[in-house]
Every structure is written in C-alpha cells, then in structure tokens.
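Q: Submitted below is the structure of interest, expressed as structure tokens.
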C-alpha cells in the first residue's frame, strides 16, 4: 500500500525523533516533497528544560538549528523560553506565527507579540499585556489562583478560541462559578484537588461555552463529567466504601494504573478486586495494603506486597513478608524493606534489593546479569553472567569477590574503593574523602567521579572521563592517557593537564584551568554557565559546527612567553575554512560580547 503525501506529512509532523526525520527526506522524491509540505516544526520541545542545564539541552539546540534547514517551508515555529533566548532575532525575522510551549518572561516576548498564536503563562498573568497579542488563539495558564479579573481579561481577546488552566489548589463551587463566566468557546480545567462536595456530583451553572474538568486521579465514585488526565499512569483512588470501577476501565481502557487509597484500614477487612478479564493492562501497582488484586495472565509489570501467580515479567515488592512461589516468568525483581521466602528459586536477570532479605543466596541465582544492592553483601564470585553491579560500597573489603564477567561497577555513597580487575566502566560517588587510586585497573575505559578525593591516580587506558561535583585541590595529570572525551559538571577550581588525543570537552557550571592545550584538535567544545576557564594556550582547532558557549565569563589564556593573562574570544588558533571562523554568522558559537544572527541575541 502506498501512502499519499498528505498522510506521510502527518506522520512526520508528529514524529519527534529528529534523526528519523533527517533520514526521511533521502528515501525518495516523494519523501523529499513531504519535507517541503511541513509548516510546523515537529521537534520535541514539550518539556520545559530552560531552567536547568542538561547535555540533552545542547543536543536539542543543535537539532533545532538543523531543523530550520531541514524543513525550509516552516511558517509556524514551536519554541520554549530557552530557544527564544537563543534564536529570537532570527525567529522574529523568519516566521509568520509563533507557539510558546513553556512559561516565559514577558520581556522576552517584546516585538514578537503580534506573531504569537499560542502562549503559556505561569502565575504572573498580570505582567502580560494581552492586548498586544493580536493573533492569540490558544493560551495555557498554570496558576494557584483564578479570579474574575483574569476571566475579564481573557474575554477581551477576540481571537482566543481555547484555554487550558492547570490549577494547583482545591477546585470548589466558587472556582467553577468564576470559570463559567469566561466566554471563550472551549475551556479545559486540569485539577490537582476537587472539593468533596462536588466530587461525586458536579453541577455547572448555565453557560454557552464548553467546559471540561480533568482530575489527575480517578477517585472511585467520582462524577462521570469529571475526566481523568493521563500522565503515564492512571491513578485510581479508593475511598472507604468500595464501588465498581468497570465503567472507568471500559471508558478509558488504561494500560498502566496505580491503586491508592484515602485510608490504610478498610473496616478491618480484606478486599479483593478482579482484573483478570482486562488483558489490555500492561502494568498495575497496588499501594493499598488491604486490597488484593486478581491480575490478568498477560500482565507485564506488577508492584504489590504479594506475588501474583501469572506470567508477570517485572515485579516490585515494598514492605513485603511474602512466603510462597514466584513464577518462572519473573526476570526483574525489586525488593524494598522486605523479607521474602520463595518456595522455588527465581530465574532472574535483574535484582534490586534495598535493605531486604530473601531465602536464596545471591550466588545461586546464576542467571543474573545486573544487580543493584544496598547492604553489605560481598560475594558475587559464582555469578558468571553478571555484567553490571551497583552497590553502596563494602564495609569489609577483604571478603569481596567479583566474577570475571563483571564489566560495569557503580559505587554509590561509598566510604572506600575496591574494584574488579576486569572492570571497563566505573562510577564512584564518595560519601567522604579517600584516595582514588585506579592505575592498576588496566581494562578501565570509562570513569565517572563524584565527590571529594584526597588523591587521584588514573589508568592510561581511559577514553572517557566525567567529573561531577568533584572537589580536588591538586593537578590532575591526563597527559599520558588515551582520553578522547571529558565532561565536567558542577566542579570548581580544577587544574587539569590534557592529553593530545582529546577530541571533546563539555563544561557545565564549573571552574577549570586546562594545560597542554596548544596542539589539541577538538571535534566538539561546549561550555555553559562557567565562572572561569583558563587555557595555557588556545586550542589548535575546533570543528565549527560543534562549538557551543552560553552565559560564561570570558575564557582566559596565559601567554607562555610573557606569563601575561589575556581575555580572548578566540579559543583556538587555526581559523581555516574547515574550522570555525567568527565571521560565519550561522556557526553554533555564541560569545557574551558578540552578536550572532541566529544563535544568540543580546
């Protein structure tokens, strides 16, 4: 069957995987034509990450810039506050209509109000002059207060067709009466709490528009005119009196549900609920101690204090004292503050234990490939399939035994260091200062250090290194190693001698002095919100498409001949055509004191 171009365009418009969209246009002529049909950018920017920095944020900014070239016929652009800061002037010049997906400082919207068709406002409604938004069709309001003044202002916007309100206080009759005065065609109110007086019987005053009420939970017995919002799981809350929930299940067809209750004791009785006929369920988490669930045989994931005798694959048990059989289908088990006794040995691939016990020694579970253990268990020698281990450290290191199959080790909040000689990937989070001597681990290639260390000695086999919240007062010498990637986050006053083979540096909210930089040719350099970065010389070169710098203090480098410090915009010495040149206005670089047409607006 051949899909028409219009249907392919719908698929691309709502596909949020940039790599897929990037390859799609090269399939054939029809697919290329479809790319020219897209009028709204499909990039996934629904989540607001403008307030914190993540590596994903850098990637998304680069993808957004590429997306503008990938879809040359875009007329309506979807952006959040972060993208608006980075691209405002270019967006203002290029696009006819703008959709703001996150809460945004009103000052950032100056000069583009007449192009905004969708807007998000967070608790500062009074700061927006909505009369300037002459094309506004849809508005999203996130607030703790709704008053008649807000409704009056909304009624003056003649172009407005749709309002969604996320209200984080109790919805009562007074709030309903205020919202009912709004004259906009369609209103959705998302509630976090609903007054018990209207929960079971919602009576709306007379109104001519459509008002939809959505609660984030389904409370058993709730008025059917109150809809339930979906946030990955449907939460079902049982009151003291159990009522039938089949209407809810048949209406919403949920695949993932969480069962909760207003009370811990149900009249000193135990209640059963039968879900065995609902084969569309994928996961059920039961947080009610007086409720027993009869699960469907096809369920994939269960959270309960008991073990269902069905073909479940993934099982979480909290505060459980279960005694009985565990199905052979269970390959993933998490125990939290539990003491369980199984009548048959589980055939697990993953085991997570937080201050829990079971009647089988871990070494008998030879199918395990991954363990997350909190406790002083030390002997893993017979687990010949074990690949990854996460633990909070070892009290008695003389008893530790690792299998040769173990290649990844995470030590969380550890007071000391002990490692497998076969390890290739290591994560250490220190709970107190101790020496980090790793030079003897000659198979280690990937390392992450988090915390305080009195001494750092690394193997020369490392290729990837990450420091997170690292505190260390001496020079870290990496010059003789094979490291190609360095990532430093929330670390201060570090002094690092770099290897000549280095290809990638990522810095986030850190202060670093780099030495041995003059002959290094980088493929990528990114720096975000750093107090200071010092180089003994500029880097030899950096590929122009992979440079990102934002809200940093100037880079400083020391002239080796005169020992004088200089503040420079150029962080490398080679400006040939294949590397970044500051005259290239479409490069991915941004300096605080330098304007870039597309990537940074002052």
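In the working numbering, the protein residues as written are 1 to 602. All C-beta atoms, glycine included, are put in the ideal place defined by N, C-alpha and C.
1) With H, G and I counted as helix, E and B as strand and the rest as coil, what does DSSP make of residue 256?
2) In whole angstroms, what separates the C-alpha of residue 405 from that of residue 413?
3) In this structure, does DSSP put residue 437 in helix, strand or coil?
4) When the Cα atoms are used, what is the spatial distance from residue 134 to residue 248?
5) What number of angstroms, rounded off, separates the C-alpha of residue 50 from the C-alpha of residue 8?
6) For the ligand MN, I want to know if residue 137 counts as a neighbour, meaning its beta carbon is within less than 7 Å of at least one of the ligand's heavy atoms.
7) Tell me whether residue 481 is buried or exposed, calling it buried when 16 or more other Cβ atoms sit within 10 Å of its Cβ.
8) Taking only the alpha-carbon atoms, compute the straight-line gap between residue 183 and residue 139 and give it to the nearest angstrom.
9) Starting from residue 18 and walking both ways along the beta strand (DSSP E), at which residues does that stretch end?
10) Do residue 355 and residue 374 count as a contact pair if the criterion is CB distance below 8 Å?
11) If we count Cβ pairs, one from each stretch, closer than 8 Å, do we get three or more for the stretch 195-207 versus the stretch 163-173?
12) Between the stretch 506-515 and the stretch 527-536, do three or more beta carbon pairs fall short of 8 Å?
13) Taking the straight line between their C-alpha atoms, what separation do you get for residue 282 and residue 380?
14) Per the DSSP calculation, residue 323 is bridged to which residue(s)?
15) Take residue 162 as the anchor and find which of 212, 177 and 123 has the nearest alpha-carbon.
16) Below 8 Å on the Cβ atoms is my guess for residue 74 versus residue 39; work out the distance and round it to an integer in Å.
17) Go ahead and pull the three-state DSSP assignment for residue 330.
18) Closest to residue 149 by CA distance: which of 179, 78 and 104 is it?
19) Assign residue 508 to buried or exposed, taking buried as 16 or more other Cβ atoms, counted over all protein chains shown, within 10 Å of its Cβ.
20) Using only the alpha-carbon positions, how far apart do residue 353 and residue 311 sit?
21) When you compare only the Cα positions, how much space is there between residue 431 and residue 542?
22) In angstroms with no decimal places, state the Cα-to-Cα distance between residue 280 and residue 95.
23) Residue 223 and residue 206: beta carbons closer than 8 Å?
24) Does the beta-carbon of residue 576 have 16 or more other beta-carbons within 10 angstroms, so that it is buried, or is it exposed?
25) Can you tell me the Cα-Cα spacing of residue 408 and residue 121, whole angstroms?
26) Please name the residue, chosen from 319, 434 and 486, that lies closest to residue 457 on a Cα-to-Cα basis.
27) Starting from residue 495, follow the alpha helix (DSSP H) in both directions and report where the run begins and ends.
28) For residue 348, tell me which candidate among 319, 59 and 385 has the shortest Cα-Cα distance.
29) To the nearest angstrom, report how far apart residue 519 and residue 41 are at their CA atoms.
30) Is residue 286 helix, strand or coil when you go by DSSP?
31) Looking at the secondary structure, which residues open and close the alpha helix (DSSP H) in which residue 410 lies?
32) Alpha carbon to alpha carbon, how far is residue 23 from residue 164? Give it in angstroms, no decimals.
33) For residue 363, I'd like the list of residues in its chain whose CB is within less than 8 Å of its CB, leaving aside the five on either flank, ordered along the chain.
34) Do residue 463 and residue 478 have their C-beta atoms within less than 8 Å of each other?
35) Quick one: using the 10 Å Cβ neighbour count with 16 as the cut-off for buried, is residue 14 buried or exposed?
36) Is DSSP giving residue 366 helix, strand or coil here?
A: Per the coordinate set shown:
1) Residue 256: strand per DSSP, three-state reduction.
2) 24 Å
3) strand
4) 41 Å
5) Only weak support is given to the placement of residue 50: the predicted model assigns it a pLDDT of 44, under 50, and the value that follows is read from those uncertain coordinates. Roughly 32 Å separates the two Cα atoms.
6) Ligands in the displayed structure: none, and consequently the ligand MN is not present.
7) Classification for residue 481: buried.
8) 14 Å
9) For residue 18, there is no enclosing beta strand (DSSP E); the residue is part of the alpha helix (DSSP H) that begins and ends at 18-24.
10) yes
11) yes
12) For the pair of segments examined, the stretch 506-515 was found to touch the stretch 527-536: the number of CB pairs separated by less than 8 Å reaches three.
13) When the Cα atoms are used, residue 282 and residue 380 turn out to be separated by approximately 33 Å.
14) 341
15) 212
16) 6 Å
17) coil
18) 179
19) buried
20) When the Cα atoms are used, residue 353 and residue 311 turn out to be separated by approximately 22 Å.
21) The straight-line gap from Cα to Cα measures roughly 37 Å.
22) Rounded to whole angstroms, the separation of the alpha carbons of residue 95 and residue 280 is 44 Å.
23) no
24) Unreliable positioning characterises residue 576 in this predicted model, as indicated by a pLDDT of 40, which lies under 50. A coordinate reading is not provided.
25) 45 Å
26) 434
27) Not the alpha helix (DSSP H): residue 495 falls in the beta strand (DSSP E), residues 494-497.
28) 385
29) 41 Å
30) strand
31) Looking at the DSSP string, residue 410 is not in any alpha helix (DSSP H); the run it does join, the beta strand (DSSP E), is 408-414.
32) 35 Å
33) Only 379, 380, 381, 382 and 383 meet the Cβ criterion.
34) no
35) Label assigned to residue 14: exposed.
36) coil
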